[in-house]
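Following: one structure in structure tokens, then a few remarks.
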Amino acid sequence: MQAVVEAPPMQNTDEPVSFKVSGKNIPKPVIAFLDALFPDSVRIEDDDDVLEPVEEMDWYKKAKKNINPAKTLKIMRINAGLTQAQLAQKVGLAKQNYNSLERGARPISMLMSKKLADALGTSYLMFFRENKSRSP
Numbered sequence: 366m367q368a369v370v371e372a373p374p375m376q377n378t379d380e381p382v383s384f385k386v387s388g389k390n391i392p393k394p395v396i397a398f399l400d401a402l403f404p405d406s407v408r409i410e411d412d413d414d415v416l417e418p419v420e421e422m423d424w425y426k427k428a429k430k431n432i433n434p435a436k437t438l439k440i441m442r443i444n445a446g447l448t449q450a451q452l453a454q455k456v457g458l459a460k461q462n463y464n465s466l467e468r469g470a471r472p473i474s475m476l477m478s479k480k481l482a483d484a485l486g487t488s489y490l491m492f493f494r495e496n497k498s499r500s501p
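Numbering (our numbering), first residue to last: 366 to 501.
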């Protein structure tokens, strides 16, 4: 629940008044006080529609686990309207070698991720993941 106050400028102010009081149960005396201080300017809203960061949503976490540089590459290529052969030519690879990148059979190197990013107009970070399992 939230009490939203949006009122015209008050005495000795040039700016309109705008603020929110949020909580599970806003006490009735608080709402009565706001109504008395800001007549016709208080509205009570149910804040069930509070925005949650997408990174914290279950569907996003599941989707992120299933995405990898190879899948991202295929999606980006298709969205760019290119065939495998066309993109392979743009980055200087044989179609078969490009195909192994898109299938995930061959990792995408930093250099190749930069070439792919240039060809597709995006960031190399879309395709490059550092291998964190390597020992220093």
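Note that beta-carbon positions come from the ideal geometry of N, C-alpha and C, so glycine has one too.
None of the values given here were measured: they were computed from a predicted structure.
query                                                                                                                    : result
In terms of DSSP beta bridges, what is Arg408 paired with?                                                               : Val369
Name the DSSP bridge partner or partners of Lys385?                                                                      : Val369
According to DSSP, is Arg468 part of a helix, a strand, or is it coil?                                                   : helix
Around the Cβ of Arg442, are there at least 16 other Cβ atoms within 10 angstroms (buried) or fewer (exposed)?           : buried
With Pro394 as the anchor, note down where its alpha helix (DSSP H) starts and where it stops.                           : 393 to 402
In terms of alpha-carbon separation, which member of Glu371, Asn377, Met375, Leu490 lies closest to Pro434?              : Leu490
Expressed to the nearest angstrom, what Euclidean distance is found between the alpha-carbon atoms of Val481 and Gln451? : With the sequence shown as reference, residue 481 is identified as Leu, and Val is not the correct amino acid for it. Approximately 12 Å, taken between the alpha carbons.
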